[in-house]
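Participant: My questions all concern the structure below.
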Amino acid sequence: MEQHTHGAGVPLQIRSERLRSANPKDFPAVTIRDEQWRYLPVERLEGLDSEVQKFAGSLVGFPVQDSGNIVPGSISLPEDLVAANVFALNDTKFIKLVSADAPELLEIKASGTKQGLQFFISNEKFGKNTLVLNHTGSGSLAELIEIEVADESDLTLISIQNLEDDSVITSSQFARLGRNSKFKHIVVSIGGKTIRVVPAVSFAGTGAEVEMLGAYFANGDQHIEHRPFVDHNMANCTSNVAYKGALQGAKAHTVWVGDVLIRQAAEGTKTYELNRNLLLTDGARADSVPNLEIETGQIEGAGHASASGRFDDEQLFYLQARGIPEIEAKRLVVKGFLNDVISQIGLPDLQEELNGIIEAKLEGKQK
Amino acid sequence: MAILEIKNLHVSVETEAGSKEILRGVDLTIRSGETHAIMGPNGSGKSTLAYSIAGHPKYEVTEGEILLDGENVLEMSPDERARAGLFLAMQYPVEIPGISVSNFLRTAKTAIDGEAPALRPWIKEVKEAMTNLRMDAAFSERNVNEGFSGGEKKRHEILQLELLKPAFAVLDETDSGLDVDALKIVSEGVNRAQEANNLGVLLITHYTRILKYIKPDFVHVFVAGKVAEEGGPELADRLEAEGYDRYLS
């Protein structure tokens, strides 16, 4: 069991100083000696770090446009080699959101190996939208998403990673929040051999609020990694980051690295980040690293918490002593644990589907 | 009329120094409606008896039998024992994050009965039982035992006893850590459960004060893993006056 490690072993790198570039050649090769890759063996990328082809899977649901009044890279240039490989394809799909009553759904169905996909999502001024990106299918896919949350707008973006057992997905998601905007980002990672999601938020105006939630469940030999980053570069913004994960099986591995940077200009910032992991079996490994850098004393509050605990024999005994069989006891605990996040999706059918997958994983019917 | 028989029970636990025998031949017979108090000094094996009846995996039965209406309890998993009608009110109930009390109670009830309770009568029954135990309604939305005070944990145990309606209940030091008011409330709950369901009670305690509220029919004094003396309620009065010293020399 890994507890609250403060980046021991590898020199801490100030997140804001990380290289950003459109050119893959600017990035060094992926190695575990690099902080951002330290937990991910390069083989797991299955070549996404060498080069990628244009996406050959299918996009079903919300209509994407091949061009628009957008400048790829204007929110952020890629921060790592895999994302830069995607950028180099020079093929950005445009998702333009205008206020809608119902949530919009886009299924991104992967098919084939070593593919790259780039999106630019724009939520217009005063717009209030929910968009679900449901990643399914099989293969290896590198994704790069930029998200413009305009002034006074409200966007909920849900990214579900539910691919086949043999699949690999990496997704860099950069959001920039306008003045007084609200952004809720929910990540659910359950299906795929290797999943790596790096959501990053920065601000273009004051008074914005971001909530970043995550739920994940790793079993078999799954590697599931999340690296949320909030760059408080404007005054009076609020961020709340909360990720919860369950692990089952001796080879399951999850990684959560939560970076929060409060810059000198970001007076009046309020931030909290939390990661909790529930280990259902021996041998599973949860790395959890909260990093908080504060460059100004004039903030409202900043805190972090990280804990990884076992679903232990005493808890199991307690539930069994009330007549509840072992498998149902585990189901109850895991569903309860992850439901804090899942229930916030707000789409009952999708929530039910995800809960069904979680149950199947618990019973060993699905990886 | 149900009967719980414990015959020549020997139980060991694994310690760093190897296997250690805690129970050394316990005989006890409890019938529906009866209240048996198990009293004894610390370390005499009282809690080991409680956990062994409930089937905690840490305790290994090396000899003897536990029979519930003639059925071999030792072959059952803890959940099977609960469904067969045994209940253990724990001394230290564990926290279970992520599960609300209401969800937990409904799941347990469904498991015990083999079918989900009808919703409206169930909600009414839970509410009533909580009111009787002076538990606030907001309690049911909290996670099981999470952040509960000592008294709240014990009330929650007795709430389950009243709702799950077992045939036999083992109360493991339910009185520990309770002030007089809470002790009364909890004891009333046990008495209600006994009256409603003809419950057989095995009351494990170090002190005699709970016996003012829950009247035992039989008192068994536990010393060094065996029953050292047995008698009626008068034996408890004697223990009150004399303590356990005369058993320990």
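Taken in sequence, the protein lines are chains A and B. Be aware that the first sequence starts at 10, since it is given in my numbering, and climbs by one per residue. Be aware that the second sequence starts at 2, since it is given in my numbering, and climbs by one per residue. We put the CB at the ideal spot given by N, CA and C, even for glycine. Every value quoted in this text rests on a predicted model; they were computed, and no experiment measured them.
1) Going residue by residue through the stretch 40 to 116 of chain B, where are the continuous alpha helix (DSSP H) segments of at least 4 residues, counting only ones entirely within it?
2) Nearest to L108 (chain A) by CA position, among A:N99, A:P81 and A:L164, is which residue?
3) Would you tell me roughly how many angstroms separate the C-alpha atoms of S48 (chain B) and T263 (chain A), rounded to the nearest one?
4) Suppose only complete runs of 3+ residues qualify. What are the beta strand (DSSP E) ranges in the stretch 143 to 176 of chain B, listed by chain order?
5) Judging by CA-CA distance, which residue of A:G148, A:L106 and A:A119 is the nearest neighbour of N132 (chain A)?
6) Helix, strand or coil for K191 (chain A), going by three-state DSSP, please let me know.
7) Taking CB distances under 8 Å as the criterion, tell me whether P334 (chain A) reaches chain B.
8) Are any of the Cβ atoms in chain A nearer than 8 Å to that of F217 (chain B)?
9) Distance, Cα to Cα, G332 (chain A) vs A55 (chain B)?
10) With DSSP run on the structure shown, which of helix, strand or coil describes D43 (chain A)?
11) Enumerate in chain order the residues of its own chain whose CB-to-CB distance from G121 (chain A) is below 6 Å, with the five nearest sequence positions on each side excluded.
12) Helix or strand or just coil, what does DSSP make of K134 (chain A)?
13) Is the beta carbon of K123 (chain A) less than 8 Å from the beta carbon of D160 (chain A)?
14) Is the shortest distance between the beta-carbon of I54 (chain B) and the beta-carbons of chain A less than 8 Å?
15) Specify, as a first and last residue, the run of the alpha helix (DSSP H) that E196 (chain B) falls within.
16) Have a look at E26 (chain A) and L86 (chain A) and give me their C-alpha separation to the nearest angstrom.
17) Listing by chain order, which chain A residues have their CB less than 8 Å from the CB of Q161 (chain B)?
18) Tell me whether the stretch 154 to 163 of chain B and the stretch 124 to 138 of chain B touch, counting them as touching only if at least three CB pairs, one residue from each stretch, are closer than 8 Å.
19) Are the stretch 64 to 76 of chain B and the stretch 313 to 321 of chain A touching, with three or more C-beta to C-beta distances below 8 Å?
20) DSSP three-state call for R29 (chain A): helix, strand or coil?
21) Applying a beta-carbon distance threshold of less than 7 Å, which residues of chain A neighbour P98 (chain B)?
22) So E323 (chain A) contacts chain B; which residues on that side make the cut at Cβ distance below 7 Å?
23) Going by DSSP in three states, L371 (chain A) sits in which element: helix, strand or coil?
24) Give the range of the beta strand (DSSP E) segment to which G26 (chain B) is assigned.
25) Where does the unbroken beta strand (DSSP E) through M221 (chain A) begin, and where does it stop?
26) Report the neighbours of V298 (chain A) on chain B: residues whose CB is nearer than 7 Å to its CB, in chain order.
27) Anything in chain A within Cβ reach of H57 (chain B), meaning under 7 Å, just list it in chain order.
28) Could you give the DSSP three-state label for Q273 (chain A): helix, strand or coil?
29) Is I204 (chain A) closer than 8 Å to I233 (chain A) when the C-beta atoms are compared?
30) Roughly how many angstroms separate the alpha carbons of L301 (chain A) and A227 (chain A), rounded to a whole number?
31) Pull up the distance between the alpha-carbon of N198 (chain B) and that of E372 (chain A), whole angstroms please.
32) Quick check: the stretch 114 to 128 of chain B against the stretch 178 to 186 of chain B, are at least 3 beta-carbon pairs closer than 8 Å?
33) If we count Cβ pairs, one from each stretch, closer than 8 Å, do we get three or more for the stretch 42 to 60 of chain A versus the stretch 84 to 99 of chain A?
34) Under 8 Å, do I31 (chain B) and L236 (chain B) count as touching if we go by C-beta distance?
35) Using a C-beta cutoff of 8 Å, does S78 (chain B) count as contacting chain A?
36) So, at 6 Å on beta carbons, what are the nonlocal neighbours of L69 (chain B) in its own chain, with the 5 sequence-adjacent residues on each side left out?
Facilitator: According to the structure data:
1) 47 to 55, 79 to 85 and 102 to 114
2) Here residue 108 (chain A) is taken as the residue at index 99 of the first sequence, counted from 1. Sequence check: residue 108 (chain A) is Ser here, not Leu. The shortest Cα separation from S108 (chain A) among A:N99, A:P81 and A:L164 belongs to A:L164.
3) If you number the second sequence from 1, residue 48 (chain B) lands on position 47. If you number the first sequence from 1, residue 263 (chain A) lands on position 254. So the two alpha carbons sit approximately 39 Å from each other.
4) 169 to 173
5) Taking the first sequence and counting its residues from 1, one reaches residue 132 (chain A) at position 123. If we check each option's Cα against that of N132 (chain A), A:L106 comes out closest.
6) Taking the first sequence and counting its residues from 1, one reaches residue 191 (chain A) at position 182. Here K191 (chain A) sits in strand by DSSP.
7) Counting from 1 along the first sequence, the entry for residue 334 (chain A) is found at position 325. Judged by the 8 Å Cβ criterion, P334 (chain A) is in contact with chain B.
8) For the purposes of this step, residue 217 (chain B) is identified with residue 216 of the second sequence, where counting begins at 1. According to the sequence displayed, residue 217 (chain B) carries Pro and not Phe. By this cut-off, P217 (chain B) is not an interface position.
9) In the first sequence, counting from the first residue as 1, residue 332 (chain A) sits at position 323. In the second sequence, counting from the first residue as 1, residue 55 (chain B) sits at position 54. Rounded to whole angstroms, G332 (chain A) to A55 (chain B) spans 11 Å at the Cα level.
10) For the purposes of this step, residue 43 (chain A) is identified with residue 34 of the first sequence, where counting begins at 1. It is coil, neither helix nor strand.
11) As a position in the first sequence, residue 121 (chain A) is number 112, starting the count at 1. The residues are A65 and G148.
12) Position 125 of the first sequence holds residue 134 (chain A). Correct three-state label for K134 (chain A): coil.
13) Residue numbering aside, residue 123 (chain A) sits at position 114 when the first sequence is read from its first letter. Residue numbering aside, residue 160 (chain A) sits at position 151 when the first sequence is read from its first letter. No, they are not a contact pair.
14) For this step, residue 54 (chain B) is matched to residue 53 along the second sequence. No, no contact with chain A.
15) For the purposes of this step, residue 196 (chain B) is taken as the residue at position 195 of the second sequence. First-last of the alpha helix (DSSP H) with E196 (chain B): V181 to N198.
16) Walking along the first sequence from the start, residue 26 (chain A) turns up at place 17. Walking along the first sequence from the start, residue 86 (chain A) turns up at place 77. Distance between the alpha carbons of E26 (chain A) and L86 (chain A) is about 13 Å.
17) As a working mapping, residue 161 (chain B) is identified with position 160 in the second sequence. Those are R331, listed as they occur along chain A.
18) yes
19) no
20) The residue given as residue 29 (chain A) occupies position 20 in the first sequence. Three-state result, R29 (chain A): coil.
21) Your numbering for residue 98 (chain B) matches position 97 in the second sequence. The answer, in chain order, is F346.
22) As a first step, residue 323 (chain A) is located in the first sequence; it is residue number 314 there, counting from the start. Result: V95.
23) Numbered from its first residue, the first sequence carries residue 371 (chain A) at position 362. L371 (chain A): helix per DSSP, three-state reduction.
24) Residue mapping note: residue 26 (chain B) aligns to position 25 of the second sequence, counting from 1. Unbroken beta strand (DSSP E) run through G26 (chain B): G19 to R32.
25) Translated into positions along the first sequence, residue 221 (chain A) becomes position 212. That run of the beta strand (DSSP E) goes E218 to A227.
26) Here residue 298 (chain A) is taken as the residue at index 289 of the first sequence, counted from 1. Neighbours of V298 (chain A) on chain B: none; closest Cβ ~21 Å, over 7 Å.
27) Taking the second sequence and counting its residues from 1, one reaches residue 57 (chain B) at position 56. Near H57 (chain B) (Cβ distances below 7 Å), the residues of chain A are F326.
28) Along the first sequence, one-based indexing puts residue 273 (chain A) at 264. It is coil, neither helix nor strand.
29) As a working note, residue 233 (chain A) is residue 224 in the first sequence. As a working note, residue 204 (chain A) is residue 195 in the first sequence. Contact: yes.
30) Locating residue 301 (chain A) in the first sequence gives position 292, where the first residue counts as 1. Locating residue 227 (chain A) in the first sequence gives position 218, where the first residue counts as 1. Taking the straight line from one Cα to the other gives about 26 Å.
31) The residue labelled residue 198 (chain B) in the question sits at position 197 within the second sequence. The residue labelled residue 372 (chain A) in the question sits at position 363 within the first sequence. Straight-line Cα distance between these residues: approximately 36 Å.
32) no
33) yes
34) Sequence index remark: in the second sequence, residue 31 (chain B) carries index 30 (1-based). Sequence index remark: in the second sequence, residue 236 (chain B) carries index 235 (1-based). Going by C-beta atoms, I31 (chain B) is not nearer than 8 Å to L236 (chain B).
35) Sequence index remark: in the second sequence, residue 78 (chain B) carries index 77 (1-based). S78 (chain B) counts as touching chain A.
36) For the purposes of this step, residue 69 (chain B) is taken as the residue at position 68 of the second sequence. So the qualifying residues of the chain are L5 and A85.
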